[in-house]
Structure formats: C-alpha cells, structure tokens
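Here's what the structure looks like:
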C-alpha cells in the first residue's frame, strides 16, 4: 500500500515554483533518503505531506487521503530553527508540551501520556535527557530528544528534516542507527532528508533525489548516476564510486559537501571556494 | 508622594492605618500577580521588547484619552489592545523585529507628548502615567483592576497549552494544527491587558519591573512550568509589596523601590547556572 503518493504535483513557495509536475509513490515501511541541493524542496515537500502547503497543481495523498495538519499518524522532526537559548525547560516537559499541544486550556499530562514519554525516551536512549534543562544540552542531545518526541504516539510515517545537521560524525551514526532500529521494529515509513548520501547507504531502501524542480525516486543504483543527477542539478555531474562510497562531483568539487558547508557558512563568501578542513 | 513629614511623625509602624496604603497594597497585589504570570510567557517567547513597546503605545492612548475627557486607563487599554492585535496579526515574526518596534514606540511616545501639548491641564498627569501613582488608587480602580486581572488570567488559561507548544516549537506546533497566528495575536492582546493594568501601578516606563524582572529571575531559578509560574508571581508580589513598604518608610517613590527590588532580584539570579547556557550549537 502506498503511504505517500504524488501525482503531477506542483508546489510553490510564494511565487517560486519549487517542485514542478512531480510524481512518485512511497510504499509502506520504506526508508527513503531525501537528497538534493539546498532549496531543492526537501522541506517544502515535507510541508506538503503534513498538509501545511496545498499543491498548486496535481494531487498529494497521504494514507490515501488529502493531507491535513494535525494528523497524529505523522511524526515530524522539523529542521531545527527555533532554539531559545535561555530556556531552562526540562527535556521531559519540553516533550510533554507537544502532546495534545493543539488543545485549548491549561497544560496537563495524564499518567498514560507520561508512560508513553518514558517508553519512547528509552527506545532512543534519551532517558538521561529527561530531567535536564534544554539550555544545558548539546546540539546532539537536543536532536535525540526531538527524535524521541517525533516517535511518541506510534506514528506510521516519520518525516525527519535534516536530523543530522549540527551533529558530529559519531552522533550522526548513532542517530541513523536509532531511527533504523525503531522504524524497522515498528514498521514505520521514513522520509529522512540529508546532505550526504554515504552515511545513509547502508540504511535506506530508496532515494528521493530532488533538484531543478524535479524529483526522482528509485534505488541508489538507479538514481545516483551521472545522467540523472546532471539533470537534477542542471549542470555536469560526475558520480564516482570508491570503496563503498559514492561521491557526487561537479567540476572536481564534492557537491554534497559543499552544500553542507554552505549551511554553516552564510558569510559574504557564500558560494565561492571553501578551503575548510573537514 | 508617600506620607508627608507630618504623618511620618505620627506613625512609625502601622502603614495599614492609612486607607491609601491598604488600597495601594490591594492594587499592587492584583497587578503583580497578573504581571508575573503573563510576563512569564513574554520572557519565554523572547517578546519582552514587544511588551515594552505596547506600554509606550499605551502612553499615547492614555494622554489621548485625556484629550477627549476619558480616564487614562481606557485610552491605555484601547491603544495597547489595538497595537497588540495588529502586531500579532501582521506576522509571527514582526513582534521580534526590534528596529520596527523601536521606531513605532518612539513615535507613540512622540504622539503622547503631542496630546499633552494640546491638553495642558492634563500635564500634571504625565508623571503619574510615565512612572505610576499607586498611592492615588481608589476603590473603583481596585475593582477595575480586579476585573481586568480576572479577564486577563482567564484568557491566558484558555490559550496556555497551545501557547506553550507554539512558543517552544513553532514549526512542529504548526504541523500539529496549532493556529500560530491566532495564538500569537491572542497572547499579545493578553499582554496588552496586563500592560494596561501594570502601568496603573508602576507607570508605562517601568512595566518591565513587574512584567520582565520577576519572570526572568523565575526562569533562571526553576525548570518546571508550574513552579516557574508560581515563583514568578510570588517574586512580583514580594517586590511590589516590599517596594510599597520601603517607600512608606523612606519616602522614596514607590516605582523606584519596586524597580530597585526587581533589578536586585534579577541580578541575584545571574550567577546561577551561567555555565549551562550555550552548551553547543
């Protein structure tokens, strides 16, 4: 059964056409790596699946229906933007605020909900974070907490928007392992957007590659090829394979890595050569 | 302001023997609790400057009300409410845009001055509006503040759950169906009510002393929501009442005493857990 289906979908953000005439279907239980250059529409696509952005043309179906916001069957980890630095909220309270957080009235957490929180914290190994204030957590710890939060309430579909950003290499591995383990066990369909393909190679079932307004869904061997990616990036791309790794290069530069650096480097030299040591 | 030299000689102990002091304690008590509770969310959302701006816009409203023969409170309420709703409705982010808000609040103070200029007999009220005049509070004002306080807290209670969710995780809250703009607008309207009440006690220039000082200190002292709210309200109440007491015995202005205590309490919490902020990016 298809969990997410797009048929000839066009998505706009303001006046900008982000995706144009895109069609694909994601099957139940699949782990999909969502890749593509910055601005290719990874977040926009997730917002459409969440029912926050209506399609300009075509049809989006999630669980066979038109998506609507507030669907409890979808777990979501937004790309982390809002971090209030001085916030002394405990991890457990932070998560609790999201449970039925759309209801009016005073906040309260039932015994049953407390149990759900504890169980999920255990599942992702984040129990140690429950009693600590958010302001005292590292980026990796916060991300682990948000991951736990996205899993509460037994979602059938998990949308993870750049969950690896701000994590170091070791924590990236840990995060991927946790998602894989929990989602395989619970048969959750996952859309996992990322900058680098290589870390996900052993985990993903198929790749959804976005670029140039288009989207291609398929196995790594079908999608991550010189002709397909050249079309998506709109420039000459070379795909090199070495030692179980895949490098997507444009004129001798590693495209994914360059993208990744841009995210942390919105300085005036944006878009030019990067001589950072990795 | 406070007790004249003559009365200070008569009594050295019982300030509650004076009607104006019991009135002041009642009014300051109501306002402090409301300010402490509403201010807690203002600080949590990082919108303290918006609160400050609302009070300045309220000044124009208060003096404008004087021009047309109304009590200042109604002008305050009308202007802060309108400004709060506009800020909230314009966008989720504009309430954090310091420059735009700064320009608007300066303009509002300017208009306040203009209104004073055209209604000169009202000028004696300017100090009271800017810095508060809690010792002149009468029973009618106490009743008005009590009604205002109940409405404010009832509205806050009604939106508290989505407000917290939207404050902590706006992107996720939106995905879960929280109407962000409605919540944000409703909250700023609540802040407008609290600011109007608060300005009656400490004046429009000093609403920070009750709406930001105590909540900011409370957030440094606590991690839980309910304890945080309780500490914030208790601190505001203690500062207001101690400030009144201090003013009674020193003959210093009440608003100065409250402002001093508020600043002292906040700075006293600063050394606590400084090492935790910004653990990593």
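Chains as they are written, first to last, in our numbering: chain A, 1 to 278; chain B, 1001 to 1281. We put the CB at the ideal spot given by N, CA and C, even for glycine. Computed from a predicted model, the values in this text were never measured in an experiment.
| Check | Outcome |
| --- | --- |
| The region 1155-1176 of chain B: positions lying closer than 7 Å to chain A by Cβ | 1157, 1158, 1159, 1160, 1161, 1162, 1164, 1165, 1168, 1169, 1170, 1171, 1172, 1173, 1174, 1175 and 1176 |
| Contact set for residue 1112 of chain B: own chain, Cβ-Cβ below 6 Å, skip 5 residues either direction | 1059, 1060 and 1063 |
| Nearest candidate by alpha-carbon position, reference residue 184 of chain A, set A/32, A/87 and A/7 | A/32 |
| Below-7 Å beta-carbon distance, residue 1219 of chain B vs any chain A residue | yes |
| Cα-Cα separation, residue 1248 of chain B to residue 1076 of chain B | 28 Å |
| Endpoints, alpha helix (DSSP H) assigned at residue 1136 of chain B | Looking at the DSSP string, residue 1136 of chain B is not in any alpha helix (DSSP H), and its letter there is neither H nor E. |
| Span separating the alpha-carbon of residue 159 of chain A from that of residue 1054 of chain B | 39 Å |
| Contact under 7 Å by Cβ, residue 62 of chain A with residue 6 of chain A | no |
| Alpha helix (DSSP H) segment containing residue 118 of chain A, residue limits | 111-123 |
| Backbone CA spacing between residue 91 of chain A and residue 1086 of chain B [nearest angstrom] | 34 Å |
| Inter-stretch contact (C-beta, 8 Å, three-pair minimum) for the region 142-160 of chain A and the region 119-126 of chain A | yes |
| C-beta neighbour in chain A for residue 1038 of chain B, strict 7 Å | no |
| 4 or more residues per run - each alpha helix (DSSP H) lying fully within the region 111-185 of chain A | 111-123 and 139-151 |
| Neighbour flag for residue 1178 of chain B against chain A, beta carbons, 7 Å | yes |
| Buried versus exposed call for residue 187 of chain A [16 or more other C-beta atoms within 10 Å across all chains shown] | exposed |
| Helix, strand or coil at residue 201 of chain A [DSSP, three-state] | coil |
| Proximal chain A residues relative to residue 1225 of chain B, where beta-carbon distance stays under 7 Å | 93 and 107 |
| Partner residues on chain A for residue 1269 of chain B, Cβ-Cβ distance less than 8 Å | Chain A residues near residue 1269 of chain B: none, gap ~11 Å exceeds 8 Å. |
| Chain A residues whose Cβ lies nearer than 8 Å to that of residue 1222 of chain B | 88 |
| Alpha-carbon spacing of residue 253 of chain A relative to residue 197 of chain A, whole angstroms | 15 Å |
| Selection of the region 100-131 of chain A by Cβ proximity to chain B, strictly under 9 Å | 100, 101, 102, 103, 104, 105, 106, 107, 108 and 131 |
| CB-CB length for residue 237 of chain A against residue 220 of chain A, believed under 8 Å | Actually they are not in contact, since the Cβ atoms of residue 237 of chain A and residue 220 of chain A sit about 15 Å apart, beyond 8 Å. |
| Collapsed DSSP secondary structure at residue 12 of chain A in the structure displayed | strand |
| Neighbouring residues, chain B, relative to residue 153 of chain A (Cβ below 8 Å) | Per Cβ cutoff of 8 Å: no residues; residue 153 of chain A is ~10 Å from chain B at best. |
| Whole-Å CB distance - residue 39 of chain A paired with residue 19 of chain A, under 8 Å assumed | With 8 Å as the limit, residue 39 of chain A and residue 19 of chain A do not qualify as a contact, their Cβ atoms being about 11 Å apart. |
| Collapsed DSSP secondary structure at residue 1018 of chain B in the structure displayed | coil |
| Proximity below 7 Å, CB of residue 74 of chain A to CB of residue 155 of chain A | yes |
| C-alpha gap between residue 171 of chain A and residue 1155 of chain B, whole angstroms | 43 Å |
| Short CB-CB distance (under 7 Å) between residue 76 of chain A and chain B | yes |
| Within chain B, partners of residue 200 of chain A - CB distance below 8 Å | The contacting residues do not exist; residue 200 of chain A stays about 23 Å from chain B at best. |
| Within 7 Å, strictly: CB atoms of residue 70 of chain A and residue 1176 of chain B | yes |
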